[in-house]
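The listed protein sequences derive, respectively, from chains A and B.
Going by this note's numbering, the first residue of the first sequence is number 143, and it counts up by one from there.
Going by this note's numbering, the first residue of the second sequence is number 143, and it counts up by one from there.
We put the beta carbon where it would ideally sit given N, CA and C, even for glycine.
Number of protein chains: 2
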Amino acid sequence: MSTPPGARRIDGRAIAARLRAQAAEVASALRERGVQPLLAVADPTAGDEGAAWYMRSISRAAEQTGIGCQIHPVDPAGGQEAVTSLLTRLSGDPAVHGVICQAPLPPGLTAAAAGGCIAVAKDVDGANPASLGQLAAGLGGAFAPATAAAVIEILRAEGVPLEGRRAVVVGRSTVVGKPVALLLLAENATVTVCHSRTAGLAAVCREADVLVAAAGRPGLIGAAHVAPGAVVIDVGITATPGGVMAGDVDEAAVAPAAAALTPVPGGVGPVTTAQLLRQTAAAAWRAETSRIQS
Amino acid sequence: MSTPPGARRIDGRAIAARLRAQAAEVASALRERGVQPLLAVADPTAGDEGAAWYMRSISRAAEQTGIGCQIHPVDPAGGQEAVTSLLTRLSGDPAVHGVICQAPLPPGLTAAAAGGCIAVAKDVDGANPASLGQLAAGLGGAFAPATAAAVIEILRAEGVPLEGRRAVVVGRSTVVGKPVALLLLAENATVTVCHSRTAGLAAVCREADVLVAAAGRPGLIGAAHVAPGAVVIDVGITATPGGVMAGDVDEAAVAPAAAALTPVPGGVGPVTTAQLLRQTAAAAWRAETSRIQS
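If you want it as structure tokens, here you go:
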């Protein structure tokens, strides 16, 4: 799909490649020290197709980056307990540097309860509410959800100024909206968070120098939502009936006004995977640093 | 000081009295069950005058409410360790239901490190980053900082609609700005957070139906910052050279436009103390509930 003149189409795959190269450099330095960086994925999804696709793409990217990736299938018959005990065990395993839990989760297990079993130091997808708390408190030492961090990495890669600028985030989820807002705030942006109850969404969005759409509603963001010159980051990925992934942003409608935008696919998605690997490499590096220093 | 016509002057002391009455009712029900609700205050302030004044006012309000309040002075010679070990001990003491640590802290001890020693269930002033994380993740079971919760209680008491309205928070501290923003978001407001790097602060503030000033800069918010009909909550309390407490809001300048505002003193301050006691009573009630059910 071609973008009409006006908007620069941000190349998420190129940014992802650069981030993976950084992760590969850290991984290589660790292997020289005899440490193999390792990401462990708890998989309670019982063959869910979307989840399987995502885990394959992580595995493949990890392999290219020199990071190990172990998928641990969890028998759904084991219920919540099987998932939480696996996450706890992986958190305690010194050979494992990053732990994530793939959704969908078994019935009754909340993302917060699963995330709460992942040690903060290994919580490379920021799933533990304690990691979010560290982020909110402006402390280091915890990782943001990879998707939220990917948004900032894209803006940084594109040289988009944030200090003192208006950023508007559409969506207030624990995995994207809120952590993106906190990260933008840490970059000294003036941040507004919108959601399904926001009155006059288009007008609020038009205040944005940087608009982050993370509502999970295909086509929600149209021409009326984008001020001339705004940078639009589309985090929404919804599987449409035809099996195609659709973003929150109506790209054709927005492109004439926007200065730049991320496409779906090829925007935030690949950067998220790369950022997950980068955070895994960073977790392994920190573990090695503290091993040496203790 | 009288307020010019236009703005209703919100009576924080009256709201505080109603909140204390609620806390007293819970405390009374607990005493009937043989449980004395108890707030423990770690005091490493070595006689700091402002801190002493604040602790006396908590003590007095607690006594009136039927909640016990123990002040535990910490010898400054003991350094950080003396404070953190006291907080850990109080967190483990079954007779204690709420634990707070009075600032100023000894050199080198961060608020996050001190707060991190307070068990989340007893963290009645939301000082533990893990409590903030629970708040951000939209989970129950943790308390917000009393000041942040007081802002919401005032808006609730005054019947100020929040759903779908624009709320602007000036200040992004871990104790006030960020938790207030999260609480306003949970009330379905569209929330903007401003700070020292915000460009065009007055214009951003004028977007607010509800303006929360928590910058700690006396007189920062003037006539240009307030849209007609806005409700203005002044959280900023700064001791001026003359020893008078000054808010962030220039009350006389703002009153003609605002629909309502909180004065300093007599606004957020007394409500904060009342909310701290209410959260202590709630913590004691939860502890008793889980004792019965286990």
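About 6 Å separates the CB atoms of Leu419 (chain A) and Arg162 (chain A); that is less than 8 Å, so the two are in contact. For Val216 (chain A), the closest of A:Ala171, A:Leu180, A:Ile200 and A:Thr187 by C-alpha to C-alpha distance is A:Thr187. Taking a beta-carbon distance threshold of 7 Å, Val333 (chain A) counts as an interface residue toward chain B. For Val346 (chain B), the uninterrupted alpha helix (DSSP H) segment begins and ends at Leu343 to Cys347.
Under the three-state reduction of DSSP, Gln244 (chain A) is assigned to coil, being neither helix nor strand. If you ignore the 5 residues before and after Leu304 (chain A), its C-beta comes within less than 6 Å of the C-beta of Glu329 and Ala331, all in its own chain and listed in chain order. Between Gly154 (chain A) and Gly411 (chain A) the beta-carbon gap is near 7 Å, inside 8 Å, which marks them as a contact.
For a cut-off of 8 Å, the C-beta gap from Ala292 (chain B) to Thr414 (chain B) is around 4 Å, short enough to register as a contact. At a cut-off of 7 Å between beta-carbon atoms, Leu281 (chain B) makes contact with chain A. Closest in alpha carbon position to Val318 (chain A), among A:Ala341, A:Leu247 and A:Leu277, is A:Leu277. According to the DSSP secondary-structure assignment, Asp376 (chain B) is paired through a beta bridge with B:Ala355. With distances taken between CA atoms, Ala402 (chain A) lies nearest to A:Pro370 out of A:Pro370, A:Thr382 and A:Glu430. The closest CA to that of Ala350 (chain A), considering only A:Leu247, A:Ala372 and A:Ala356, is found on A:Ala372.
In the DSSP assignment, Thr332 (chain B) falls within the beta strand (DSSP E) that extends over Thr332 to Cys336. When only Cα atoms are considered, Ala357 (chain A) and Ala290 (chain B) end up about 27 Å apart. Taking C-beta separations shorter than 6 Å and ignoring five residues to either side along the sequence, the partners of Val322 (chain B) in its chain run Ala290, Val293, Val311 and Val354, following chain order. In this structure, B:Leu362 is the residue among B:Ala423, B:Leu362, B:Ala182 and B:Gly240 with its C-alpha nearest to the C-alpha of Ala388 (chain B).
Here the alpha carbon of Gly364 (chain A) sits roughly 52 Å from the alpha carbon of Leu229 (chain B). Contact annotation: Val262 (chain A) and Ala272 (chain A) have beta-carbon atoms nearer than 7 Å.
The continuous stretches of beta strand (DSSP E) do not include Leu325 (chain A), which lies in the alpha helix (DSSP H) extending over residues Gly319 to Ala328. Taking 7 Å as the CB threshold, Glu329 (chain A) stays off the interface with chain B. Excluding the 5 residues flanking it on each side, Leu251 (chain A) has same chain C-beta neighbours closer than 7 Å at Gln222 and Val225, in chain order. Following the DSSP letters along the chain, one finds Ala291 (chain B) inside the alpha helix (DSSP H) bounded by residues Ala288 to Ala299. Between the alpha carbons of Lys264 (chain B) and Gln206 (chain B) lies a gap of roughly 21 Å. DSSP places Leu281 (chain B) outside both helix and strand once states are collapsed to three, so it counts as coil. Bridge pairing for Met387 (chain A): A:Ala381 [DSSP].
Assigned with DSSP and collapsed to three states, Gln178 (chain A) falls in coil, not helix or strand.
Taken through DSSP and simplified to helix, strand or coil, Arg150 (chain B) comes out as strand. Under DSSP, Leu403 (chain B) forms a beta bridge with B:Arg151 and B:Val374. Judged by DSSP secondary structure, Ala423 (chain B) falls within the alpha helix (DSSP H) whose first and last residues are Val410 to Gln435. If you compare the alpha carbons of A:Ala158, A:Val352 and A:Gly220 with that of Pro249 (chain A), the shortest gap goes to A:Gly220. CA-CA distance, Gln212 (chain A) to Thr316 (chain A), rounds to 26 Å. Proximity to Thr382 (chain A) across A:Gly192, A:Val168 and A:Val177 peaks at A:Gly192, based on C-alpha coordinates.
Chain order gives the chain B residues near Leu274 (chain A) as Gly275, Ala278 and Ala279, where near means a beta carbon separation below 7 Å. Pairing Leu327 (chain A) with Thr334 (chain A), the inter-Cα distance amounts to about 10 Å. For His214 (chain A), DSSP records a beta bridge to A:Ala184.
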